[in-house]
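Taking mature numbering (1 follows the signal peptide of the UniProt record, and there is no 0), I'd label the letters of the sequence shown as residues -24 to -1, 1 to 1106.
Backbone N, C-alpha and C define an ideal beta-carbon position, used for all residues, glycine too.
As structure tokens, the structure follows; a few thoughts come after it.
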Amino acid sequence: MASSILVKVCMLISFVLYVQQVFSSSNTSEAVALLKWKNTLHNETQSRLSSWTFHPNSRANSSANRSLSTIPCTWFGISCDPAGSVIQINLTRIGFQGTLHGLSFSSFSNLAHIDLSVNSLFGTIPHQIKYLSKLTFLDLSSNFLSGEIPPEIGLLANLKYLSLFENQLNGSIPKDIGHLNSLTTLFLYTNHLDGFIPTSLCNLGNLTLLYLYNNQLSGSIPKDIGSLNFLTELDLSANQLDGFIPTSLGNMKNLSYLSLFQNKLSGSIPKEIGHLTSLIDLSLYKNRLEGSIPISLKNLRNLTLLYLYRNKLSGSIPKEIGNLAHLMEIDLSMNQLHGSIPASLGSLRNLSYLYLFQNKLFGSIPEELGNLTHLTAIDLSMNQLHGSILASFGSLRNLTRLYLHRNKLSGSIPEEIGNVTQMKEIDLSMNQLHGAIPSSFSNLSSLEGLSLLQNRLSGPIPQGIGDSMNLMLLELGENQFTGYLPENICRSGLLQNFSVYNNHFNGHVPQSLKNCTSLVRVHMNGNQLVGDISKDFGVYPNLQFIDLSHNYFHGKISSNWGQCPKLGTLQMSGNNITSGIPLYIGNWTQLHVLDLSLNHILGAIPKELGKLTSLEKLWLNGNQLSGALPSKFESLTNLEFLDVSSNKLTDPIPHILGNLPKLYNLNLSHNNFSEGIPKPLMSLIHLSVLDLSCNSLSGEIPSEIIKMQSLEDLNLSHNYLSGFIPKAFEQMHGLLHVDVSYNELQGPIPNSKAFVKAPMEDLQGNKGLCGNGRGLRPCKHISKRSHKGVLVVIFPVVGSLLFLLAFFGILLVLQRRKKDLQSKESNKQNGGLLSVLTFDGRKMYEEIEKATEGFNDIYCIGNGGCGVVYKANLPSGEIVAVKKLNSQPDGDQKIIQKQFLNEIRALTEIRHRNIVKLHGYCSHIQHSLLVYEYLECGSLRTIMENEEAAKELDWHKRLNIVKGVAHALSYMHHDCSPPIIHRDIKSSNILIDSQHEAHVSDFGTAKLLDLNSSNWTSFAGTYGYIAPELAYTMKVSEKCDVYSFGVLSLEVIKGKHPGDSISSLSSPSTKENIHLKDVLDQRLPFPERQILDDLVVVVNLATECLNADPQSRPTMLIISQVLSSKTSRA
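The structure is reproduced here in structure tokens:
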């Protein structure tokens, strides 16, 4: 008995020793594996794992005891089971650096949990991970792992949690993952994974969370994905998935989160989505979904977030959405939804965000939206909403952002909005709002951004604006505001964007703005601001853009702008800046755009401008600059736009301009450049607009112009160019407009669309152009060989005849001398005939008298104070307009006739497309005749008085007429020497051709301005157009024409004479209350936005022209330049 017990005890001891030996061996191998891995890691990581080491108990320890001491269960991040085997490694967020390749996975037979997330692991995931057969949890997320996901992960049959997100993994998702039947969580998002979503994932019946977003996955969503019945969250967003949204998604009854945004999904939103009654978050935005929003969404009673924006959804917004009582955020913006905003949305009392912008919604804003007391942001912008802004928005005390811009809202801004003291941003721009800014806005102490631009708002800005605000953005441009700019506009020191352009602000720039170093973008152009531009602005370290154009600033160009290191655009056009361009401008190397046009800048263009190598656009036009263009311009290799027109520049056009490879617009017109067109200029292959008109250029047009294949608009008019027009133009298929009028060109025009379809005015005034162009005679086709043969015969014959002609000529002169003396005496008594241009005077008179049957009334086409106008069809086929002047009183006949002939001779030198061309005249004792070109459409007044004709004269054509008259008057006042004052600008003196181009006519009252005299004259003009100063002085100046132009411009826009409204428009105290709609011709449809903007420019200029003070009226040069640069091409 005792022996048997002894045997059992011995056996038990032996078993225990055996098990101890086995466990000791297993634990030792795990410890050794961990230590080997530690040794491969970066030193910093090793120091954090200082507990990973052997700790012998004593020197006397046996071998067995030493093995037991190596068990790693006490090491940092290591957990063991009761037997001492490692089952968990948790080293998350310790700054771990290294790879997984130093870890022997086969040594960990019981390892179930690995968490190495949020570290700096790199390299690939080893294929040996397959040996972790008991692994249930694997988290390697937020590291720098790369390479592909090893398919061996599919062998980890017990895995429930797999997280590899935020690494640099690439390749496709292994289909083997579909074998992990125990998997509940799969996070692979934010990697570089591509390829299709494996259909095998649909086998993961226990999956609850599936996040694959922010990869490069493509193809369609597996149609069987709806079989994942336990799925609660599905996020496939930010990939490149296409195809339809599977209808099977409607089977996921437990789904609470569905995010498919930012893919390429198409088709409609499945109505089956409405079955997901547990859904809390639905995000389908940034796809290509179309069709209507399913009404079935009304079943999603738990929905808190609905994001469908940036798709192609159409139809109306279902009113049933108003039943989703838990909704907190709705974003349906950037679709094609139409109809009205459902009033039922006012029932969503938990709503904090409502974004419906950039759709086609119309109607008024529902009053019910004023009930959304939890609302913090509402954006209804870029729709077609009309009506008023809800005053009840003022009761939404949590509202911080109100965006209603780009609609058709009218009425005034509710005073109540000023009560929402939490408001940070308000954008009501681009509507039809009128009235003043509510004074309550001064209470918005949290306001950071206020945009009211492009409305009809008026009155002064409340002075409290800016006092206690944190304003970073203030946009008030394109309204009718008056008064001073608020003194404390930048009191916070945070203002970045400041825009008040195209208003009626006056006074000085506030001191707070001068010291506002936070400024980034400033638009102050188009006002009446005054002050010294060199003293009223400071140094702005963050400034990128500033436009001070079209104000009344004076002084010199300050060096402060060079101390704005980020300044890229500086525009000062249309002020009273004097002196020259300073040499230190060469230090402003950061500039990309510089506009100093329409000022009074004198002197030469400094060569230092050539240092501005970043310059892309340069305007110096409309000044008094002289000398040559600097050769240093060669360095401006980034220059795209150059305008130095309307100055006094001389010398030949420099060849170096041909070295500016990016130039696409070049305007050198209205200067005194001489010699020929330089051939290097033809190397500007990107040039689309070239204007060399109104210079003194001579020679031929270079055939090298064929290189300029990008050229669309070419103006060489009013020069002395000669010879033939190169046939190279026939190869320039992009050329749209060409003007070669008033040169000395001859021969056939090129068979080019631009020439053949050019208006007659663009080809006239040359020696002998012929061809298929309008108003040209056909060419006689003689070959070059025939020319040579004819010349060989003609030269000897001509040589022989010259001698004979000289002999007989002397005899004829002697015989006719006596007859000439008799003829001259006779002419003194009876009048004479004088030919102009191509007409023979005597023959012309006879033909006119015959064509009008002795000036029969049936040929009368107009009557005026100076005479009667007849239409005459000459035998040559030419149709002309003949004005027969009324007889003058006998006593003043000789004096008046002499003055009249002197002024007529001056007018024969006028060459401009917008001035009626004078063919000739006849001065006779019975009556005097003026022969003009005939213009088919008659006078502007006649057209305006005809209902049908006025309707055909659309806004484009009317704008073109205003521009044409402005260009003509600018030419007369500033390009003629001496200047010519018309003195009777009115609608009946503006003739319209078949292309609806305007031509100024009737110079019977014109005055040649003597620059060295006081220019007193007798009364002339027409009541309703006459400048008011002529009521008390007979001193004539070009500002008389400017006033008449202002009246005429309003007449063109209004469709009739402005009448009594002239006094209102010219009064500074009342003109801000004039709305554009009040001066528009009601016979025409309301203009589109671009045309409306152009009309605003015209009306603003017209009101400036009506200023009672002549010196305050702009010059016609400035008006012409503004109309050319600030309005679109009609």
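For this session: Give the DSSP bridge partners of residue 974, in chain order.
Result: Working through the sequence shown from its first residue, we reach residue 974 at position 998. Residue 974 is bridged to 968.
Exercise. Quick one: what's residue 458 bridged to in DSSP?
Worked result: The count along the sequence shown starts at 1 and reaches residue 458 at position 482. Beta-bridge partners assigned by DSSP to residue 458: 480.
Problem set entry | Boundaries of the alpha helix (DSSP H) in which residue 1027 is found, first to last residue | Residue numbering aside, residue 1027 sits at position 1051 when the sequence shown is read from its first letter. Residues 1014 to 1030.
Problem set entry | Cross-strand partners of residue 64 (DSSP beta bridge) | As a working note, residue 64 is residue 88 in the sequence shown. In DSSP, residue 64 forms a bridge with 55 and 89.
Exercise. Should residue 1078 be labelled buried (16 or more other beta-carbon atoms within 10 Å of its own) or exposed?
Worked result: For this step, residue 1078 is matched to residue 1102 along the sequence shown. Buried, since its Cβ has 16 or more Cβ neighbours within 10 Å.
Problem set entry | Residue nearest to residue 379 in terms of C-alpha spacing, selected from 488, 65, 578 and 405 | As a first step, residue 379 must be located in the sequence shown, where it is residue number 403. Ranking 488, 65, 578 and 405 by Cα distance to residue 379 puts 405 first.
For this session: For residue 311, I'd like the list of residues in its chain whose CB is within less than 6 Å of its CB, leaving aside the five on either flank, ordered along the chain.
Result: On the sequence shown, position 335 is the one that residue 311 refers to. Same-chain partners within the cutoff: 287, 289 and 335.
Problem set entry | residue 13, DSSP secondary structure in three states | Reading the sequence shown from its first residue, position 37 is the one you call residue 13. Helix at residue 13.
For this session: Just tell me which of 820, 670 and 1073 has its CA closest to the CA of residue 1108.
Result: No answer is possible for residue 1108: the residues shown for the chain start at -24 and end at 1106.
For this session: Tell me whether residue 637 sits in a helix, a strand or coil according to DSSP, three-state version.
Result: Against the sequence shown, residue 637 aligns to sequence position 661. Residue state, collapsed to three classes: coil.
Exercise. With 16 as the cutoff for other CB atoms within 10 Å, does residue 637 come out buried or exposed?
Worked result: Locating residue 637 in the sequence shown gives position 661, counting from the first residue. Result: exposed.
For this session: Give me whichever residues DSSP pairs with residue 387 in a beta bridge.
Result: To locate residue 387, count along the sequence shown from 1; it is residue 411. According to DSSP, residue 387 bridges with 409.
Exercise. Expressed to the nearest angstrom, what Euclidean distance is found between the alpha-carbon atoms of residue 19 and residue 26?
Worked result: By 1-based counting over the sequence shown, the position of residue 19 is 43. By 1-based counting over the sequence shown, the position of residue 26 is 50. A straight line joining the alpha-carbon of residue 19 with that of residue 26 spans about 11 Å.
Exercise. Going along the chain, which residues of its own chain have a beta-carbon closer than 6 Å to the beta-carbon of residue 69, five neighbours each way excluded?
Worked result: The sequence position of residue 69 within the sequence shown is 93, counting from 1. Contacts found: 94.
Problem set entry | Stretch pair the region 464 to 472 + the region 1080 to 1091: three plus CB contacts closer than 8 Å | With fewer than three CB-CB distances shorter than 8 Å, the region 464 to 472 does not count as touching the region 1080 to 1091.
Exercise. What is the DSSP secondary structure of residue 315, reduced to helix, strand or coil?
Worked result: Numbered from its first residue, the sequence shown carries residue 315 at position 339. Note: residue 315 maps to strand in three-state DSSP.
For this session: With DSSP collapsed to three states, give me the class of residue 519.
Result: The sequence position of residue 519 within the sequence shown is 543, counting from 1. Here residue 519 sits in coil by DSSP.
Exercise. In this structure, does DSSP put residue 1110 in helix, strand or coil?
Worked result: One cannot answer for residue 1110 here, as it falls past the ends of the chain, which runs -24 to 1106.
For this session: Can you give me the Cβ contacts of residue 142 inside the same chain, cut-off strictly under 7 Å, excluding the 5 residues immediately before and after it?
Result: Position 166 of the sequence shown, counted from the start, is the residue given in the question as residue 142. Same-chain partners within the cutoff: 117, 118 and 166.
For this session: Select from 299, 198, 909 and 160 the residue whose C-alpha is nearest the C-alpha of residue 845.
Result: Against the sequence shown, residue 845 aligns to sequence position 869. Nearest of 299, 198, 909 and 160 to residue 845, Cα basis: 909.
Exercise. Can at least three beta-carbon pairs, one atom from the region 319 to 336 and one from the region 347 to 358, be found at a separation below 8 Å?
Worked result: Enough Cβ pairs lie closer than 8 Å, so yes.
Exercise. Residue 712: buried (16+ other C-beta within 10 angstroms of its C-beta) or exposed?
Worked result: Walking along the sequence shown from the start, residue 712 turns up at place 736. Residue 712 comes out exposed.
For this session: Given a cut-off of 8 Å, decide if residue 504 and residue 481 are closer than it, judged by their beta-carbon atoms.
Result: Walking along the sequence shown from the start, residue 481 turns up at place 505. Walking along the sequence shown from the start, residue 504 turns up at place 528. Contact flag set, yes.
Exercise. Would you say the region 237 to 244 touches the region 290 to 299, given that touching needs at least three Cβ pairs under 8 Å?
Worked result: no
Problem set entry | Alpha carbon of residue 999 to alpha carbon of residue 648, nearest angstrom | The sequence position of residue 999 within the sequence shown is 1023, counting from 1. The sequence position of residue 648 within the sequence shown is 672, counting from 1. CA-CA distance, residue 999 to residue 648, rounds to 39 Å.
Problem set entry | Local Cβ density within 10 Å of residue 559, reported as buried at 16 or more and exposed below that | Counting from 1 along the sequence shown, the entry for residue 559 is found at position 583. Exposed is the call here.
For this session: Look up residue 844 in the DSSP assignment and give the residues it is bridged to.
Result: Position 868 of the sequence shown, counted from the first residue, corresponds to residue 844. Bridge partners of residue 844: 839 and 860.
For this session: Whole angstroms is fine: what's the gap from residue 409's alpha carbon to residue 828's?
Result: Here the question's residue 409 lines up with position 433 in the sequence shown. Here the question's residue 828 lines up with position 852 in the sequence shown. If you take the alpha carbons of residue 409 and residue 828, they lie about 58 Å apart.
Exercise. Rounded to the nearest angstrom, how far is the Cβ of residue 538 from that of residue 510, given a contact under 8 Å?
Worked result: Within the sequence shown, numbered from 1, the residue matching residue 538 stands at position 562. Within the sequence shown, numbered from 1, the residue matching residue 510 stands at position 534. Rounded, the Cβ-Cβ distance is 12 Å, inconsistent with contact.
Exercise. Is it buried or exposed for residue 319, if we count other Cβ within 10 angstroms and need 16 for buried?
Worked result: On the sequence shown, residue 319 is found 343 positions in, with the first residue counted as 1. Label assigned to residue 319: exposed.
Exercise. For residue 584, which residues of its own chain have a beta-carbon under 7 Å away from its beta-carbon, when the five flanking residues on both sides are left out?
Worked result: Along the sequence shown, one-based indexing puts residue 584 at 608. Excluding residues within five positions, the ones whose Cβ falls inside 7 Å are 559, 561 and 562.
Exercise. Roughly how many whole angstroms lie between the Cα atoms of residue 133 and residue 235?
Worked result: Position 157 of the sequence shown holds residue 133. Position 259 of the sequence shown holds residue 235. About 29 Å.
Exercise. In terms of residue numbering, what span does the beta strand (DSSP E) encompassing residue 595 cover?
Worked result: The sequence position of residue 595 within the sequence shown is 619, counting from 1. Residue range 593 to 595 is occupied by the beta strand (DSSP E) that includes residue 595.
Exercise. For residue 438, which of 460, 630, 84 and 954 has the nearest alpha-carbon?
Worked result: Mapped onto the sequence shown, residue 438 falls at position 462. Taking residue 438 as reference, the option from 460, 630, 84 and 954 with the minimal CA-CA separation is 460.
Exercise. Buried or exposed: which applies to residue 651, given that a residue is buried once 16 or more other Cβ atoms fall within 10 Å of its Cβ?
Worked result: Here residue 651 refers to the residue found at position 675 when the sequence shown is read from its first residue. Result: exposed.
Exercise. Within 10 angstroms of its Cβ, does residue 696 collect 16 or more other Cβ (buried), or is it exposed?
Worked result: In the sequence shown, counting from the first residue as 1, residue 696 sits at position 720. Exposed, because fewer than 16 other Cβ atoms sit within 10 Å of the Cβ of residue 696.
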